[in-house]
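Protein chains in written order, with the working numbering: chain S, 1 to 328; chain R, 1001 to 1356. Following: one structure in structure tokens, then a few remarks.
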Amino acid sequence: MLTFILRRVGLAISVILATLVATFVVFFAGPSDPAQSLCPENRCNAERLQAIRVNLGLDRPLTVQFVEYFKGLFVGRDFEFAGATNHCGAPCLGFSYHTGRSVNDELFSRFPNTVVLALMAAVIFLIVGVTIGIVAAVRRGTATDRILIGGSQVFGAIPYYILALLFALYMVTFWRVLPQYSSFSEGPGVYFAGMIAPAFILGLVTSTSYTRYTRNSMIETLSMDYVRTARSKGISERRVLVNHGLRAAMGPIVTILGLDIAALLTGTLITEKIFEVDGIGRRALQALFDDDLPVIMGTVLMAAVIVVLANLIVDIGYSFIDPRVRLA
Amino acid sequence: MTATAEQFTTTMGEASQAGDVVLDVDDLSIAFPTEEGLVRAVSNLTYQARLGRTLAIVGESGSGKSVSSMAVLGLHNPKRTQITGSIKLDGQELVGASQATFQKLRSTTAAMVFQDPQSSLHPFHKVGRQIAEAYRAHHSVSKAVAQKRAVEMLDLVGIPTPARRALQFPHEFSGGMRQRAMIALGLVNDPKLLIADEPTTALDVTVQAQILDLINDMQKEFGSAVILITHDLAVVAETADDILVMYAGRGVEKGDAKEVLSQPSHPYTHGLLQSIPSASDDATAELKAIRGAPPSLLNLPSGCSFHPRCDFQKLVGAACIDTLPEWRPTPGLTGRELRCHLEDPVATLQNDEGAK
């Protein structure tokens, strides 16, 4: 178990490092110019732009910039801006070029919103997807199965942004069935109520793939000899399906669940944008438009850490689901 | 006087002493509708299983051995299976019975030990818990009491350090130990009928004899009826009291196991026995297989299903092709029955052996 964790941590660090380097290189290799986007529409002359670049430290060689950034992650670093020195403690992600706020603040003030949205959606897609999947598997080949799977496929086939946009327009804007998003500072009641609409549509659409996974996995396990054995014990059919069938079908579902939750936690760009949820995804999108390198780097780093952690949790969790898996 | 009493208990269906009929299968047919047509897995099957006795059901793969016994526990999907005839388990009619009825009798009146203990035990549940679950399904006891019962059962089937073993997963058991655990699971509710479906097929040869001995010992201990489904005639010789030979979903011969094996009267049984290679045989001699292959259950041959493969059909003629032979006492033998048109099957088969 210990060697397993050590190996995984080593792997995690190298994955995160590679992600950071790649983001850095892609950013500088691309046509982005932070100075230009800070001072748009040619309002600044070349000297002014160069001054901004020097100020941001963008004039130095790429390697130096990267080493500085990397150092900041572990020991913190000092920024000199307009004559004043600004200390940024480890793990330092730097300051946004545009807002001047520390990237840590920018991200962590929004992260809870993304977490709430992701978890609410996860509850919805798990309950809806797994339940429909089980029912379809048990009634395999019947009209119920075809209606459930057909309906779920139609739902999954419509582009998500169209569904989400229509849902937002009708349910939130026109008919006002569901309240709009409002920040937590306006009270937890309105905050969570505002999360219902985005979490609902996100969960519902994601549930279609869980319906499919669950149905396939259940059909496979229900044909297993041990399910027949369970039935031959004289336990209730519900117990046969849940304690024996679903228990064995859970493995692949949990694996995908871990990765999906990780993906949602790194920001649900479209959902956050459409429903105006002030989350990580929307902030990252803004940073991309702004050429705001520190914020981009910060979101990428955070996403990498979340994905790597989720993988680790899935692997460890899997050994609890399937006792035959020994972590080594 | 005793005979009348026995007769009485039997007809009342409360099998309680050795020799009483616990399972009475009469004219049972099982078919599965498929896209290609109706698969007739079992046709007009009739047999009885008695307390304290072991009935071996023998036949090739696809002869309907397992299908017929799974029907006793109601393990076929009722929507995809057509069952006609009668299955009386301990006096209770099971053809057309509800799932609730089956749920009550599973494991308590009839239990099953499956072929492959590797795949028949749940890989994610501890062995003790799997046995305890069956006990708790029929007894309102605490988990601790059921677990204690599970450990007792593991001890009874000869698993060393049962308390420790009960807390292990099936993959931590050897093949033979797993099958012992399956038998413990089968017997935990003291069933009147234990159906062992090829219980030794998936096991090492060295372990097979141990498992068969265990089944015999357990039968003595519990006094239950045992149905042993197998294609291995050596297993039958070692374990069974009675035998039913099946071919293409039908019974073709029945009687005392040792008598049938030493003096088969049906050409199919005869062929099965001939096809067993023995170590003393000349290694260069060709194996005597039954020619041809088992028929498709979608399209059974007319008359006697075995006629296309039978070496003796020419002795009888068209009757084999036209008419299904009915059960009749085997000429010249007592306590034996067969389905064959041959006039004197025993003599015919003996002559055949002499000719070779």
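The beta-carbon is built from N, C-alpha and C at its ideal position, and this holds for glycine as well. Since the model is a prediction, treat every value here as computed from it, not as a measurement.
task = Counting only the same chain and skipping the five closest in sequence on each side, list residues whose C-beta sits under 6 Å from that of residue 1320 (chain R).
result = As a first step, residue 1320 (chain R) must be located in the second sequence, where it is residue number 320. Hits under 6 Å: 1303, 1304, 1307, 1313, 1341.
ask   = Since residue 1155 (chain R) is in the alpha helix (DSSP H), which residue starts that stretch and which ends it?
value = Translated into positions along the second sequence, residue 1155 (chain R) becomes position 155. For residue 1155 (chain R), the uninterrupted alpha helix (DSSP H) segment begins and ends at 1143 to 1156.
task = Taking C-beta pairs closer than 8 Å, name the residues in chain S that residue 1123 (chain R) reaches, listed in chain order.
result = Taking the second sequence and counting its residues from 1, the one referred to as residue 1123 (chain R) is at position 123. What residue 1123 (chain R) touches in chain S: 226, 248, 322, 323, 324.
key: Continuous alpha helix (DSSP H) stretch holding residue 1186 (chain R): start and end   = Within the second sequence, numbered from 1, the residue matching residue 1186 (chain R) stands at position 186. That run of the alpha helix (DSSP H) goes 1175 to 1187.
key: Buried versus exposed call for residue 201 (chain S) [16 or more other C-beta atoms within 10 Å across all chains shown]   = Within the first sequence, residue 201 (chain S) is the residue found at index 201, counting from 1. By the 10 Å Cβ count, residue 201 (chain S) comes out buried.
request  = Please specify which runs of the beta strand (DSSP E), each continuous and at least 3 residues long, are wholly inside the segment 1220 to 1297 of chain R, giving them in chain order.
outcome  = For the segment 1220 to 1297 of chain R, whole beta strand (DSSP E) runs of length 3 or above, ordered along the chain, are 1225 to 1230, 1242 to 1247, 1250 to 1256.
inquiry  = Under 8 Å, with one C-beta from each stretch per pair, do the segment 1015 to 1035 of chain R and the segment 295 to 303 of chain S reach the 3-pair mark?
reply    = No, the segment 1015 to 1035 of chain R does not touch the segment 295 to 303 of chain S.
ask   = Name the chain S residues that come within less than 9 Å of residue 1116 (chain R), Cβ to Cβ?
value = Counted from its first residue, the second sequence places residue 1116 (chain R) at position 116. From the beta-carbon of residue 1116 (chain R), the residues of chain S found nearer than 9 Å are 225.
task = Determine the DSSP secondary structure at residue 110 (chain S), reduced to helix, strand or coil.
result = The sequence position of residue 110 (chain S) within the first sequence is 110, counting from 1. Annotated three-state conformation of residue 110 (chain S) is coil, per DSSP.
key: Alpha carbon of residue 1084 (chain R) to alpha carbon of residue 139 (chain S), nearest angstrom   = Within the second sequence, the letter at position 84 stands for residue 1084 (chain R). Within the first sequence, the letter at position 139 stands for residue 139 (chain S). Just so you know, the alpha carbons of residue 1084 (chain R) and residue 139 (chain S) end up roughly 24 Å apart.
message = Would residue 1261 (chain R) and residue 1277 (chain R) qualify as a contact pair, given that the criterion is a beta-carbon distance under 8 Å?
response = To locate residue 1261 (chain R), count along the second sequence from 1; it is residue 261. To locate residue 1277 (chain R), count along the second sequence from 1; it is residue 277. No, they are not a contact pair.
query = Does the beta carbon of residue 220 (chain S) come closer than 8 Å to any beta carbon on chain R?
reply = Start at 1 with the first residue of the first sequence, and residue 220 (chain S) comes out as number 220. Chain R, which has no Cβ nearer than 8 Å to the Cβ of residue 220 (chain S), makes this no.
query = Under the rule that 16 or more other beta-carbon atoms within 10 Å means buried, what is residue 125 (chain S), buried or exposed?
reply = Translated into positions along the first sequence, residue 125 (chain S) becomes position 125. Label assigned to residue 125 (chain S): buried.
task = Decide yes or no for the touch test of the segment 1104 to 1123 of chain R against the segment 1072 to 1090 of chain R: beta carbon pairs closer than 8 Å, at least 3 of them.
result = Output reads yes: the segment 1072 to 1090 of chain R touches the segment 1104 to 1123 of chain R.
key: Under 8 Å between C-beta atoms of residue 150 (chain S) and residue 211 (chain S)   = As a position in the first sequence, residue 150 (chain S) is number 150, starting the count at 1. As a position in the first sequence, residue 211 (chain S) is number 211, starting the count at 1. No, the pair does not count as a contact, with Cβ atoms beyond the cut-off.
Within chain S, partners of residue 1075 (chain R) - CB distance below 7 Å = For this step, residue 1075 (chain R) is matched to residue 75 along the second sequence. Neighbours of residue 1075 (chain R) in chain S, taken as residues at a C-beta separation under 7 Å, are given in chain order as 228, 231, 232.
Proximal residues to residue 287 (chain S) (C-beta, below 6 Å), its chain only, five neighbours per side dropped = The count along the first sequence starts at 1 and reaches residue 287 (chain S) at position 287. Excluding positions up to five away in sequence, the list reads 295, 296.
query = Where are the alpha helix (DSSP H) runs, 4 residues long or more, that stay fully inside the segment 6 to 78 of chain S, in chain order?
reply = Within the segment 6 to 78 of chain S, the complete alpha helix (DSSP H) runs of at least 4 residues are 34 to 38, 46 to 56, 62 to 75.
task = Would you check if there are 3 or more beta carbon pairs closer than 8 Å linking the segment 1247 to 1255 of chain R to the segment 1047 to 1064 of chain R?
result = Touching, yes, given that three or more Cβ pairs across the two stretches are closer than 8 Å.
key: Span separating the alpha-carbon of residue 5 (chain S) from that of residue 312 (chain S)   = In the first sequence, counting from the first residue as 1, residue 5 (chain S) sits at position 5. In the first sequence, counting from the first residue as 1, residue 312 (chain S) sits at position 312. Put simply, the backbone Cα of residue 5 (chain S) is about 8 Å away from that of residue 312 (chain S).
key: Contact check, residue 1186 (chain R) vs residue 1112 (chain R), beta carbons under 8 Å   = Residue 1186 (chain R) sits at position 186 when you count from the first residue of the second sequence. Residue 1112 (chain R) sits at position 112 when you count from the first residue of the second sequence. Yes, Cβ-Cβ distance for residue 1186 (chain R) and residue 1112 (chain R) is below 8 Å.
ask   = Are at least three pairs of beta-carbons, each pair with one atom in the segment 1196 to 1207 of chain R and one in the segment 1170 to 1181 of chain R, less than 8 Å apart?
value = Yes, the segment 1196 to 1207 of chain R touches the segment 1170 to 1181 of chain R.
key: Reduced DSSP category for residue 88 (chain S) - H, G, I as helix; E, B as strand; rest coil   = Along the first sequence, one-based indexing puts residue 88 (chain S) at 88. It is a strand residue.
request  = Go ahead and pull the three-state DSSP assignment for residue 216 (chain S).
outcome  = Reading the first sequence from its first residue, position 216 is the one you call residue 216 (chain S). Note: residue 216 (chain S) maps to helix in three-state DSSP.
query = Contact between the segment 1209 to 1225 of chain R and the segment 1124 to 1136 of chain R: three or more CB pairs below 8 Å?
reply = The segment 1209 to 1225 of chain R makes no contact with the segment 1124 to 1136 of chain R; the number of CB pairs closer than 8 Å stays below 3.
key: Outcome for residue 113 (chain S) when other beta-carbon atoms lying within 10 angstroms are tallied against a minimum of 16   = Residue mapping note: residue 113 (chain S) aligns to position 113 of the first sequence, counting from 1. Burial call: buried.
Residues, ordered as in the chain, of the segment 96 to 115 of chain S that lie near chain R by beta-carbon distance below 9 Å = Going along the segment 96 to 115 of chain S in chain order, one finds no residue with a Cβ nearer than 9 Å to chain R.
request  = Pull out every residue of the segment 1126 to 1142 of chain R whose Cβ sits closer than 7 Å to any Cβ of chain S, in chain order.
outcome  = Of all residues in the segment 1126 to 1142 of chain R, only 1133, 1134, 1137, 1138 place a beta-carbon less than 7 Å from a beta-carbon of chain S.
ask   = According to a CB-to-CB cut-off of less than 7 Å, which residues of the segment 1162 to 1196 of chain R neighbour chain S?
value = For the segment 1162 to 1196 of chain R, which is checked against every Cβ of chain S, the residues closer than 7 Å are 1169, 1171.
ask   = Using the C-alpha atoms, what's the distance from residue 1050 (chain R) back to residue 1003 (chain R)?
value = In the second sequence, counting from the first residue as 1, residue 1003 (chain R) sits at position 3. In the second sequence, counting from the first residue as 1, residue 1050 (chain R) sits at position 50. Reliability fails at residue 1003 (chain R), whose pLDDT of 46 lies under 50, so the model's placement of it is uncertain and the value that follows must be treated cautiously. Residue 1003 (chain R) and residue 1050 (chain R) have their alpha carbons spaced roughly 15 Å apart.
message = Let me check understanding here. Comparing Cα to Cα, which of S:141, S:216, S:317, S:20 lies closest to residue 1034 (chain R)?
response = Numbered from its first residue, the second sequence carries residue 1034 (chain R) at position 34. Of the listed residues, the one whose Cα sits closest to residue 1034 (chain R) is S:141.
task = Jot down the residue ranges of each uninterrupted alpha helix (DSSP H) in the segment 1298 to 1323 of chain R, minimum 4 residues, whole runs only, in chain order.
result = List check, alpha helix (DSSP H) in window: 1313 to 1316, 1319 to 1322.
key: Amino acids of chain S, ordered along the chain, whose beta-carbon sits closer than 8 Å to that of residue 1104 (chain R)   = The residue you call residue 1104 (chain R) lines up with position 104 of the second sequence. Contact note: residue 1104 (chain R) reaches chain S through 234, using a C-beta cutoff of 8 Å and chain order.
query = Should residue 1206 (chain R) be labelled buried (16 or more other beta-carbon atoms within 10 Å of its own) or exposed?
reply = Start at 1 with the first residue of the second sequence, and residue 1206 (chain R) comes out as number 206. Residue burial annotation: residue 1206 (chain R) is exposed, with fewer than 16 other C-beta atoms found within 10 angstroms of its C-beta.
inquiry  = For a contact defined as C-beta to C-beta under 7 Å, what are the partners of residue 1108 (chain R) on chain S?
reply    = Locating residue 1108 (chain R) in the second sequence gives position 108, where the first residue counts as 1. Per Cβ cutoff of 7 Å: 234.
inquiry  = Check whether the segment 229 to 242 of chain S and the segment 175 to 195 of chain S touch, using three or more Cβ-Cβ pairs below 8 Å as the test.
reply    = In short, these stretches do not touch, since the Cβ pair count stays below three.
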